[in-house]
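Trainee: In our numbering, the protein residues as written are 74 to 260.
Structural data, given as structure tokens:
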């Protein structure tokens, strides 16, 4: 196997384990066993746990962006429908059997206070989402302040759905988003 293949094997195992059990709970030996690689190979490709965590978060960011932009594109050209598609995407995600909340919020909660690199990655991810929402809001002809409101609504839905284990939180968030969008566009 190439280093690239082994790297992906490790990242896939780390992604699954960290998301299911938590970042701090998974040790390098458990990760090595799940990935089916030697400890030597694991450390050769990822000299520290932070290296693995940051690589996993980079993967998660790419997955999030691809899924979100795909859902918004599938909503068509109507700017309002595109904004509301964000909440449809969340609902689909919340209904997944393995949903355990936002990996970035989880990482920040576990590691953000002690690992500035992880904290920065999480902040960048959240800022990227805010920027994306801003673009959708501009396309809808709504005031810029709506982007922050809709982003906070989506972030809150992620945390609430994870804690309550209730995918209907996305429907409630979508309903609230409709009210905010309609009020902002009418103003």
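Note that CB positions come from ideal geometry on N, CA and C, so glycine has one too. Just so we're clear, the structure is a prediction, and the values are computed from it rather than from any experiment.
Could you have a look at residue 231 and say whether DSSP puts it in helix, strand or coil?
Mentor: If DSSP states are grouped into helix, strand and coil, residue 231 belongs with the helices.
Trainee: Please look up how many angstroms separate the CB atoms of residue 160 and residue 250, rounded, as I've assumed it's under 8 angstroms.
Mentor: Rounded, the Cβ-Cβ distance is 6 angstroms, consistent with contact.
Trainee: Would the stretch 175 to 193 count as touching the stretch 110 to 119 if we require 3 or more Cβ pairs under 8 angstroms?
Mentor: The answer is no - the stretch 110 to 119 does not touch the stretch 175 to 193, with fewer than three Cβ pairs under 8 angstroms.
Trainee: Beta carbon of residue 220, beta carbon of residue 167: below 7 angstroms?
Mentor: No. Outside cutoff.
Trainee: Assuming residue 156 contacts residue 128 under a Cβ cut-off of 8 angstroms, what Cβ separation, rounded to an integer in Å, is found between them?
Mentor: Residue 156 to residue 128, Cβ: 32 angstroms. No contact.
Trainee: Return the residue from the list 103, 105, 78 and 230 that minimises the CA-CA distance to residue 244.
Mentor: Closest option to residue 244, Cα to Cα, is 230.
Trainee: With burial defined as no fewer than 16 other Cβ atoms inside 10 Å of the residue's Cβ, what is the status of residue 94: buried or exposed?
Mentor: Under this definition residue 94 is an exposed residue.
Trainee: How would you write the range of the alpha helix (DSSP H) that residue 207 sits in, first residue to last?
Mentor: Where residue 207 is concerned, the enclosing alpha helix (DSSP H) stretches over 189 to 212.
Trainee: Can the beta-carbon of residue 123 be found closer than 7 angstroms to that of residue 190?
Mentor: Going by C-beta atoms, residue 123 is nearer than 7 angstroms to residue 190.
Trainee: The alpha helix (DSSP H) with residue 176 in it runs from where to where?
Mentor: That run of the alpha helix (DSSP H) goes 176 to 184.
Trainee: With 16 as the cutoff for other CB atoms within 10 Å, does residue 74 come out buried or exposed?
Mentor: The residue is exposed, with fewer than 16 neighbouring Cβ atoms inside 10 Å.
Trainee: Can you give me the Cβ contacts of residue 175 inside the same chain, cut-off strictly under 6 angstroms, excluding the 5 residues immediately before and after it?
Mentor: Same-chain partners within the cutoff: 231.
Trainee: Could you check what DSSP says for residue 162 in three-state terms: helix, strand or coil?
Mentor: Helix at residue 162.
Trainee: Let me know the secondary structure DSSP gives residue 75 once reduced to three states.
Mentor: Three-state result, residue 75: coil.
Trainee: I need the boundaries of the alpha helix (DSSP H) containing residue 255, first residue and last residue.
Mentor: 242 to 259 is the span of the alpha helix (DSSP H), which, as asked, contains residue 255.
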